[in-house]
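In UniProt numbering, the protein residues as written are 1 to 177.
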């Protein structure tokens, strides 16, 4: 068994199966700001995506979220990805370190601020092996929700609003985004 490090400590990892590796490769295209139809074949129509920025409900809304990434980032590179040992057939958990380079707000300058983020990705799968829930936790810290009290409720409402705004302004078709 191998181990990977995050700000929240050391996590046991294991090798991905060949089936998991195909899934991971497809999903990483989304994080690398290269959304494509193949990546989205892994999502159920009723899937939910939840990260510290948004809560997107439904496959079309999730597609808009990831299709919007090339509009924000000049580059997005996967630095490390590992399957967490806690994964099961119905839940795949990854430790992902992604390096983002924002597009510059200054005209004629291609790149701006850079940020490396370590996340725990959890994919809860249905009986057909499709993603029902895609949870991204920055620094492996749980996302705030209404269950966390008043401030959590405000954050949850903001995240739902943010997702709806992106859904209305970014196409869910990767070739048109």
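Ideal Cβ positions, reconstructed from N, Cα and C, are used throughout, including at glycine.
Within 10 Å of its beta-carbon, does residue 94 have 16 or more other beta-carbons around it, so buried, or fewer, so exposed?
Counted from its first residue, the chain shown places residue 94 at position 94. Looking at its Cβ environment, which holds 16 or more other Cβ atoms inside 10 Å, residue 94 is buried.
Based on Cα-Cα distance, which residue from 72, 121, 142 lies nearest to residue 86?
Residue mapping note: residue 86 aligns to position 86 of the chain shown, counting from 1. Checking every option, the nearest Cα to that of residue 86 belongs to 121.
Is it buried or exposed for residue 49, if we count other Cβ within 10 angstroms and need 16 for buried?
Counted from its first residue, the chain shown places residue 49 at position 49. Residue 49 is buried by the Cβ-count criterion.
Quick check on the burial criterion: 16 or more other C-beta atoms within 10 angstroms. Buried or exposed for residue 27?
As a first step, residue 27 is located in the chain shown; it is residue number 27 there, counting from the start. With 16 or more Cβ atoms within 10 Å of its Cβ, residue 27 is classed as buried.
Under the assumption that residue 125 contacts residue 92 (Cβ atoms under 8 Å), give the Cβ distance between them as a whole number of angstroms.
Start at 1 with the first residue of the chain shown, and residue 125 comes out as number 125. Start at 1 with the first residue of the chain shown, and residue 92 comes out as number 92. Between residue 92 and residue 125 the Cβ distance is about 7 Å, and since that is below 8 Å, they are a contact.
Cutoff 6 Å; reference residue 202; Cβ partners in own chain excluding five residues on either side:
The structure shown does not extend to residue 202, since the chain is modelled only from 1 through 177, so no value can be given for it.
First through last residue of the alpha helix (DSSP H) which encompasses residue 61
Walking along the chain shown from the start, residue 61 turns up at place 61. 59 to 67 is the extent of the alpha helix (DSSP H) around residue 61.
Is it the case that the CB of residue 116 approaches a heavy atom of the ligand PLP more closely than 7 Å?
Absence of the ligand PLP from the depicted structure is noted, as is the absence of any ligand whatsoever, leaving it without description.
Give me the residue from 157, 163, 146, 83 with the minimum Cα distance to residue 25.
Within the chain shown, the letter at position 25 stands for residue 25. Ranking 157, 163, 146, 83 by Cα distance to residue 25 puts 83 first.
Cut-off 6 Å between Cβ atoms - residues of its own chain near residue 58, not counting five sequence neighbours on either side:
In the chain shown, counting from the first residue as 1, residue 58 sits at position 58. The answer is none, since no qualifying residue turns up.
Simplified DSSP assignment, three categories, for residue 108
As a working mapping, residue 108 is identified with position 108 in the chain shown. Taken through DSSP and simplified to helix, strand or coil, residue 108 comes out as coil.
Nearest CA to the CA of residue 100: which residue from 169, 132, 111?
Position 100 of the chain shown holds residue 100. Taking only the C-alpha atoms, the option nearest residue 100 is 111.
Using only CA atoms, which one of 116, 67, 19, 138 lies nearest to residue 53?
As a working note, residue 53 is residue 53 in the chain shown. Just measuring C-alpha positions, the residue of 116, 67, 19, 138 sitting nearest residue 53 is 138.
For residue 21, the first and last residue of its enclosing alpha helix (DSSP H):
Against the chain shown, residue 21 aligns to sequence position 21. 18 to 31 is the extent of the alpha helix (DSSP H) around residue 21.
Taking 8 Å as the threshold, find out whether the segment 138 to 157 comes into contact with the segment 34 to 49 through three or more Cβ pairs.
When C-beta atoms of the segment 138 to 157 are compared with those of the segment 34 to 49, fewer than three pairs fall below 8 Å, so the two segments do not count as touching.
Could you give the first and the last residue of the continuous beta strand (DSSP E) run that contains residue 87?
In the chain shown, counting from the first residue as 1, residue 87 sits at position 87. It is not in any beta strand (DSSP E) - residue 87 carries neither H nor E in the DSSP assignment.
Below 8 Å between beta carbons: does that hold for residue 135 and residue 44?
Along the chain shown, read from residue 1 onward, the residue named residue 135 stands at position 135. Along the chain shown, read from residue 1 onward, the residue named residue 44 stands at position 44. No; because the gap between Cβ atoms is not below 8 Å, this pair is not in contact.
What beta strand (DSSP E) runs, 3 residues minimum, are completely inside the segment 126 to 166?
Runs found: 131 to 138.
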